[in-house]
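Trainee: Quick note: the sequence shown uses full-length UniProt numbering, first residue 2, plus one each step.
Quick reminder that beta carbons are idealized off the backbone N, C-alpha and C, glycines included.
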Amino acid sequence: GFNCGIVGLPNVGKSTLFNALTEAALAESANYPFCTIEPNVGRVPVPDARLDRLAEVAKSQKVIPTQLEFVDIAGLVRGASKGEGLGNQFLANIREVDAVLHLLRCFEGETAHVDGSVDPLRDADTVETELLLADLESCEKQYEQAAKKAKQGDKDSIAKRDVLGPVVEGLRAGIPARNVELTAEQRKTLKGLHLLTSKPVLYVSNVDEGSVATGNSLSQKVEERAQQEGAGHVVISAEIEAEVAQLSDPEEKQSFLDDLGLSESGLSRVIKEGFRLLNLITFFTTGPKEARAWTVRNGANAPEAAGVIHSDMERGFIRAETIFWQDFVDSGGESAAKEAGKMRVEGRDYTVKDGDVFHFRFNV
Ligand code: GDP
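1. Cβ of G233 within 8 Å of Cβ of L203?
2. Output the boundary residues of the beta strand (DSSP E) element that contains E70.
3. Out of G9, R173, V168, state which residue places its alpha-carbon closest to the alpha-carbon of L102.
4. So does F3 have its beta carbon nearer than 7 Å to some heavy atom of the ligand GDP?
5. Could you pull out every unbroken alpha helix (DSSP H) segment of at least 4 residues lying fully inside the UniProt domain "TGS" (280-363), listed in chain order?
6. If we require 4 or more residues per run, which alpha helix (DSSP H) segments fall completely within the segment 156-206?
7. Helix, strand or coil: which one does DSSP assign to G267?
8. Using CA atoms only, rank isn't needed, just tell me which of K192, A239, E225 is closest to S212.
9. Report buried or exposed for A113, applying the criterion of at least 16 other Cβ atoms within 10 angstroms of its Cβ.
10. Can we say the segment 183-196 touches the segment 129-147, given the rule of at least three CB pairs closer than 8 Å?
11. So, are the CB atoms of E322 and H360 less than 8 Å apart?
12. Below 8 Å, can you find three or more Cβ-Cβ pairs linking the segment 54-72 to the segment 332-346?
13. Determine the extent of the alpha helix (DSSP H) in which residue 392 is found, giving its start and end residues.
14. Whose CA, out of Q327, R362, L261, A246, lies closest to the CA of P46?
15. Which residue's Cα is closest to the Cα of N180: E186, K189, T190, V168?
16. With DSSP run on the structure shown, which of helix, strand or coil describes A100?
17. Secondary structure at N4, three-state DSSP: helix, strand or coil?
18. Count the other CB atoms within 10 Å of the CB of P40; is the residue buried (16 or more) or exposed (fewer)?
19. Might you give, ordered along the chain, the residues of its own chain that have their beta carbon closer than 7 Å to the beta carbon of G308, omitting 5 neighbours on each side?
20. Of the choices K189, D126, V205, whose alpha-carbon is the least far from that of P177?
21. Which residue's Cα is closest to the Cα of A303: F257, P11, I319?
22. Report all residues from its chain with a CB closer than 6 Å to the CB of F363; omit the five preceding and five following residues, and keep chain order.
23. Is the Cβ-Cβ distance between R69 and F3 less than 8 Å?
24. Can you tell which of L92, E182, S158, R345 has the C-alpha that lies nearest to the C-alpha of G80?
25. Apart from the five residues on each side of it in sequence, which residues of its chain come closer than 6 Å, Cβ to Cβ, to A294?
26. Give the secondary structure of L248 by DSSP, where H, G and I count as helix, E and B as strand, and everything else as coil.
27. What residue does the alpha helix (DSSP H) around K222 start on, and which one ends it?
28. Out of R226, Q327, L279, which one is the CA nearest neighbour of A100?
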């Protein structure tokens, strides 16, 4: 699976948001399987109206959405890169996630801010500086090692050195590794270096209850920063999300959101944006037992998608029978879609499209 680490300074609302995410998942768990692996890790079902339509048409008994994992990474303070506070543990936790959800306080609130005033851009810089410093230290070391081996003609080391050079230069100038200009090939090498600033970032502005539909002047500044950096941005109120999460009745939930001027919950938007940021797509399987959504990286071929379901299906892959979800629904089900000529038979080179409904044929 794919995961997203929630980072931010103390008292910005991380635990409130994390609890809301997992509460929402629990509220849905009557319908969906849900599990907490560790206290700070929650798997959250990804809302998808297409899946619900497919399940209806296929008359599936169970609906199983795909999931995104969120990790509450507490303990970041100024000086973390020097090992202060829970610094090292914190940085190790970030190293393991696929994307970073950077929560920024854009509300006044009763709990004091650790730095005395509310300023999301300053906070963003504080957190980013710690990550930059940690990366700089590790990249300088790795650069020296790679440069030595590169001299002896080692190919991997040459590739590493050529990536680390511009990355170190960027980090020294305050540019996170994700924003350093590199070729597609170099990006792959960069990924293997497990840096903190090379992961995609989603800024989440946590605003006061009154500003949740419109945002406020602080979240506006975050929006500008996100646009400049090519990062994602979502405005939420963690406290309101905590309230929404308590409502399990969909109609009650929708009318609560309507009253706030929202078309969907902030959590839905966070999850969707996380998906976009991680460059993930969804495919489906349907049957009378269950309709299920699965996640795969954008660009994956058919056997790779089969492998998400079971490694045997990838190993013994023969072909994929595919109906696009809209055709499946419009035709009124699988056999009708087949009769209408909407089913395609695809081989191992087929690139999976977001919304494909699959039957995989494989040798055991
Ligand atoms: P953490 O230290 O980042 O995990 O922050 P918490 O989730 O513990 O939140 C810190 C304080 O801010 C708590 O008193 C929360 O009730 C409050 N808080 C969190 N989100 C919001 C919000 O959206 N609006 C307001 N007004 N207060 C919030």
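Mentor: With the given structure in hand:
1. In the sequence shown, counting from the first residue as 1, residue 233 sits at position 232. In the sequence shown, counting from the first residue as 1, residue 203 sits at position 202. Result yes, Cβ atoms of G233 and L203 sit closer than 8 Å.
2. Taking the first residue of the sequence shown as position 1, residue 70 is located at position 69. First-last of the beta strand (DSSP E) with E70: 68-73.
3. Numbered from its first residue, the sequence shown carries residue 102 at position 101. Of the candidates G9, R173, V168, the one whose C-alpha sits nearest the C-alpha of L102 is G9.
4. Residue numbering aside, residue 3 sits at position 2 when the sequence shown is read from its first letter. When distances are taken from the beta-carbon of F3 to the heavy atoms of the ligand GDP, even the shortest one reaches 7 Å or more.
5. Entirely contained in the UniProt domain "TGS" (280-363), the alpha helix (DSSP H) runs reaching 4 residues are, in chain order, 303-310, 312-316, 326-332, 335-340.
6. Runs of alpha helix (DSSP H) with 4 or more residues, each lying fully within the segment 156-206, are found at 156-173, 185-192, listed in chain order.
7. Taking the sequence shown and counting its residues from 1, one reaches residue 267 at position 266. Three-state DSSP puts G267 in a helix.
8. Residue mapping note: residue 212 aligns to position 211 of the sequence shown, counting from 1. The residue with the shortest Cα to Cα distance from S212 is A239.
9. As a first step, residue 113 must be located in the sequence shown, where it is residue number 112. Label assigned to A113: exposed.
10. The segment 183-196, when compared against the segment 129-147, does touch it at the 8 Å Cβ threshold.
11. Residue 322 sits at position 321 when you count from the first residue of the sequence shown. Residue 360 sits at position 359 when you count from the first residue of the sequence shown. In this structure, the beta-carbon distance from E322 to H360 falls below 8 Å.
12. Yes: the two stretches touch, three or more of their Cβ pairs being nearer than 8 Å.
13. The structure shown does not extend to residue 392, since the chain spans only 2 to 365, so no value can be given for it.
14. Locating residue 46 in the sequence shown gives position 45, where the first residue counts as 1. Nearest C-alpha to P46: A246.
15. Your numbering for residue 180 matches position 179 in the sequence shown. The candidate whose alpha carbon is nearest that of N180 is V168.
16. Indexing the sequence shown from 1 puts residue 100 at position 99. Collapsing the DSSP output to three states places A100 in a strand.
17. Counting from one through the sequence shown, the residue named residue 4 turns up at place 3. In this structure, N4 counts as strand in the three-state DSSP scheme.
18. For the purposes of this step, residue 40 is taken as residue 39 along the sequence shown, with counting starting at 1. Exposed: under 16 other Cβ atoms inside 10 Å.
19. Counting from one through the sequence shown, the residue named residue 308 turns up at place 307. Excluding residues within five positions, the ones whose Cβ falls inside 7 Å are M314, E315.
20. For this step, residue 177 is matched to residue 176 along the sequence shown. Per the Cα distances, D126.
21. Counting from 1 along the sequence shown, the entry for residue 303 is found at position 302. When only C-alpha atoms are compared, the closest one is I319.
22. Numbered from 1 along the sequence shown, position 362 holds the residue referred to as residue 363. Cβ neighbours of F363 beyond the five flanking positions: M314, G317, F318, I319.
23. Here residue 69 refers to the residue found at position 68 when the sequence shown is read from its first residue. Here residue 3 refers to the residue found at position 2 when the sequence shown is read from its first residue. First, the residue type needs correcting, since residue 69 is Leu and not Arg in the sequence shown. Cβ distance < 8 Å, so L69 and F3 count as in contact.
24. For the purposes of this step, residue 80 is taken as the residue at position 79 of the sequence shown. For G80, the closest C-alpha among the options L92, E182, S158, R345 is that of L92.
25. What you label residue 294 is simply residue 293 of the sequence shown in a count that begins at 1. Here the set comprises D49, L52, P66, T67, T283, F285.
26. Walking along the sequence shown from the start, residue 248 turns up at place 247. Of the three classes helix, strand and coil, the one that applies to L248 here is coil, per DSSP.
27. Working through the sequence shown from its first residue, we reach residue 222 at position 221. Under the DSSP assignment, K222 falls in the alpha helix (DSSP H) whose first and last residues are 218-230.
28. Along the sequence shown, read from residue 1 onward, the residue named residue 100 stands at position 99. Among R226, Q327, L279, the Cα nearest to that of A100 is on L279.
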